[in-house]
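Heads up, the thing below is written out as structure tokens.
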Amino acid sequence: MGHSHDHPHDHAGHGHSHDHAGHGHAGHGHGHGHGHGHDHHHPNTELDATTVAALDPSVPDSDLSPTEVSRRGLLRSAGILGGTAALAITGAQAAAAQLPSYGPGEAFRRPGRPNVWLAGDHHIHTMFSSDGMYRVIDQARHAAAYGLDWLVITDHGGATHARIGVDLVNPQIRAARAELKNTLIFQGLEWNIPAAEHGTIFVAPGSREVEILKQFENNYDGGVKNAGASTPANEALAVQGIQWLGQQVDRQRVKDALFLANHPARNGIDSPHEIRGWRDADPRIAVGFEGAPGHQAAGLPKGVGPGSARGFYGNAPGSNSFPGYPPESYRTWGGFDWMTATVGGLWDSLLAEGKPWWISANSDSHVNWSDTSRRPDGSNQAQFERDGRYGDPVYGNQVNLTAGDYWPGFYSRTHVGAEKRDYLSLMQGLRAGRMWVDHGALVRGVELEVREVGKRYGEPLGGALTPKCGRPIELVVRITPQNVPNWSQFIPKLNRVDLIRGAVDLAGVTDRDTFKAPDTKVVRQWDTSGRTETFEIVYPLGRADEPFYLRVRGTDGNRSQPGYLGAAIDPAGPQLDVVGDADPWVDLWFYTNPIWVLPRR
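Position in the sequence shown counted from 1, then plus 1248, gives you the working numbering.
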């Protein structure tokens, strides 16, 4: 523990830091259950370690144990090895092969590294939301100008949207796609999850995108179905909605569909068992939640901003809230949701079960800070309910400093590694967890890889390395610091990078409302202050013995405190944000998604 002051040397912008601070101890647990990096099955399918090894075409029979050789023979005879069938535990997972799929490691493995990183935002509102204002093209032009490659239009679900809004927004989306040919613009909606919070639902563009979204909203939206209360029947309806989306993909009514839960800790109504239930309903569709909510300008103090809570996380428990959540969970920590910001917390408890569950960041843009536009005269709630939209925004002749949102790309970004710049590749990158997120353009680039010592390539973000038990392994962290001003006109400085590690126990949890991972903690901190060129940290992880996972975060170092679970777990985590005084620009972080290590016996 502690800070490492052994700065890597830069060679033409690429340095190597061989951190010999000691071998990381392997975590304790049982075999992990998802097989990453193979074309034969979907990366989110949960498999036992023996099957993972047997499915890996890069491992010769001579390297397998007798049990693994036997399993490989069984898979061959069943037509699974070398075929297109997916080996799966449940019917929902069995359909995984229907999706356009390649192993998450493949795009990163090749010497040329042909992948692209695409920055985007999956949570954006327009005039077709009762609390929104802008046209689709307004949001899309700003997103493109602020450096985004993809975005999802997610107007609020509800009776008016289900009746007319889904249809009305589609021509604006198609027009924006035609104008901004290099920007991927998805149609989605913000689902009122029955018995829970909101979530992003979106589909691959196609002739039936409106039809699928409209049918989903009419049948499964908590607002439309009056299913907001936390009852078992409403929780079951949410699960059915996710499964229904998977069925539409299987039936080829739509090429792909995804769900991510939005601002999960804001009201305390997304219980741990509900989150596990969504993910297990269909792991191809339900892939993650917002690690950091939108509304980041809301924390700006009065005079400059709204003087509210960052992320509008200023709430308290209500009648539908999960009683186990503490008061601190209703606030953001360094702009991040408590479920993500707490090392050893709810997100880690899912990762420690070997469950792929990814984090994102976005704007949740409704009405944007410092904008000078407003709704036109006469455009009010009654007109919205009648027409399904507000009138086009007009010049307002004043600067709006009370709005809590930023334009897409202005502050929050989700970076996705994709095989190429197209809709299906982007969705597959999201599903595979090749993602990292940042605020305020803290860094230009982050890449993570876990590899066997001596090998040139390993497994990237979202992947799982399956080395033979006892093989030495190492983590590679490549970071490109920021060298141009962000949209607040300063160059952010990365001060520190933290490595977080946790054991994996595939046996799972007996209590599905668990929200702690006791073995997960910060195991290394690197001082990165003063770095201006791309640098690489190579960190030895010891010999692969027991299954574990790793994730990384970084900070400008301006605001830190011991983590929610104590300094022994997280000595210098993000600070609890103060309501009314939480300037987002002086508190910048990046977070990566995890990589697993699943040794083969």
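Backbone N, C-alpha and C fix where the C-beta goes; we use that ideal spot for every residue, glycine too.
Under 8 Å between C-beta atoms of L1493 and G1447: For L1493 and G1447, no; Cβs fall outside 8 Å.
Whether A1689 touches P1740 by CB criterion (8 Å): P1740 is positioned such that its CB atom lies closer than 8 Å to that of A1689.
8 Å Cβ shell around H1271 - same chain, five flanking residues per side excluded: Because the pLDDT at H1271 is just 37, under 50, the model does not fix this residue reliably, and the value given afterwards should be weighed accordingly. Closer than 8 Å at Cβ, skipping near neighbours: P1788, L1789, G1790 and R1791.
For P1733 and G1476, the rounded distance between their alpha carbons: If I take the Cα positions, the gap works out to 43 Å.
3-residue-minimum beta strand (DSSP E) runs that sit fully inside the region 1536 to 1617, ordered along the chain: You should have 1606 to 1609.
8 Å Cβ cutoff met for A1820 and G1652: Between A1820 and G1652, the gap from beta carbon to beta carbon reaches 8 Å or more.
Inter-residue Cα distance where the pair is R1779 and S1478: Distance between the alpha carbons of R1779 and S1478: 49 Å.
Assigned exposure category for K1550 - 16 Cβ within 10 Å defines buried: Its Cβ having fewer than 16 others within 10 Å, K1550 is exposed.
Alpha-carbon spacing of P1847 relative to L1754, whole angstroms: Cα to Cα, the separation comes out at about 13 Å.
Beta-carbon spacing of G1470, I1517 below 8 Å: No, the Cβ-Cβ distance between G1470 and I1517 is not below 8 Å.
The region 1395 to 1406 in contact with the region 1368 to 1386 per 3-pair CB rule at 8 Å: They touch, by the three-pair rule.
Cut-off 7 Å between Cβ atoms - residues of its own chain near W1833, not counting five sequence neighbours on either side: For W1833, where only same-chain residues beyond five positions count, the Cβ hits under 7 Å are G1688 and S1736.
Chain-order list of residues whose beta-carbon lies under 8 Å from that of G1436 (same chain, five-residue window excluded): Within its own chain, the residues whose Cβ lies closer than 8 Å to the Cβ of G1436, once the five positions on either side in sequence are excluded, are H1370, V1400, I1401, T1402, T1448, I1449, F1450, V1451 and L1461, listed in chain order.
Top-ranked residue by Cα proximity to R1772, from G1814, P1604, Y1812 and L1723: Closest by alpha carbon: L1723.
Neighbour-count burial assignment, Q1496, 16 or more Cβ in a 10 Å radius: Q1496 counts as buried, since no fewer than 16 other beta carbons sit within 10 angstroms of its beta carbon.
Cβ-Cβ separation, G1559 to G1583 (assumed contact under 8 Å), whole Å: The pair is a contact, with the Cβ atoms about 7 Å apart (cut-off 8 Å).
Cut-off 6 Å between Cβ atoms - residues of its own chain near Y1638, not counting five sequence neighbours on either side: Cβ neighbours of Y1638 beyond the five flanking positions: M1375, R1623, S1627 and F1632.
Top-ranked residue by Cα proximity to G1572, from G1454, K1764, A1600 and G1555: Minimum Cα distance to G1572 is reached at K1764.
Range of the contiguous beta strand (DSSP E) that encloses S1226: Nothing about residue 1226 can be read from this structure; the chain reaches only from 1249 to 1849.
Where the alpha helix (DSSP H) through S1673 begins and ends: Looking at the DSSP string, the run of the alpha helix (DSSP H) that includes S1673 is Y1671 to A1680.
Extent of the continuous beta strand (DSSP E) to which G1436 belongs: Segment L1432 to N1440, the beta strand (DSSP E) holding G1436.
Option in W1617, V1745, W1684 and Q1809 with minimal Cα separation from I1785: Of the listed residues, the one whose Cα sits closest to I1785 is V1745.
Sub-8 Å separation of V1585 and P1541 beta-carbons: Before going on, a small fix: residue 1585 reads as Asp here, not Val. Yes; because the gap between Cβ atoms is below 8 Å, this pair is in contact.
Residue of G1368, V1552 and N1645 minimising C-alpha distance to D1664: In the sequence on display, residue 1664 carries Val and not Asp. It is G1368 whose Cα lies nearest to the Cα of V1664.
Pair within 8 Å by beta-carbon distance, G1706 and N1841: Contact flag unset, no.
From V1414, R1425 and V1826, residue whose alpha carbon lies closest to that of D1386: It is R1425 whose Cα lies nearest to the Cα of D1386.
Test item: CB-CB of L1824 and E1576 under 8 Å: Remark: C-beta atoms of L1824 and E1576 approach each other more closely than 8 Å.
Bounding residues of the beta strand (DSSP E) (the contiguous stretch that carries E1667): In the DSSP assignment, E1667 falls outside any beta strand (DSSP E), carrying neither H nor E.
Boundaries (first-last residue) of the beta strand (DSSP E) holding F1783: F1783 to R1791 is the extent of the beta strand (DSSP E) around F1783.
Residue range of the beta strand (DSSP E) that includes H1404: For H1404, the uninterrupted beta strand (DSSP E) segment begins and ends at W1398 to H1404.
Nearest to A1816 (by Cα), restricted to the options V1770, A1751 and A1609: Of the listed residues, the one whose Cα sits closest to A1816 is V1770.
Selected residue, minimal CA-CA separation from P1708, among Y1654, L1742 and L1798: Comparing Cα-Cα distances from P1708 to each of Y1654, L1742 and L1798, the minimum goes to L1798.
Close Cβ partners of G1539 (< 7 Å) along its chain, the five nearest in sequence each way excluded: Only F1584, D1585, T1588, I1607, S1608, A1609, V1685 and Y1839 meet the Cβ criterion.
Assigned exposure category for S1567 - 16 Cβ within 10 Å defines buried: So S1567 ends up on the exposed side.
CB-CB length for D1415 against V1458, believed under 8 Å: Indeed, because the Cβ distance is near 6 Å, the residues count as touching under 8 Å.
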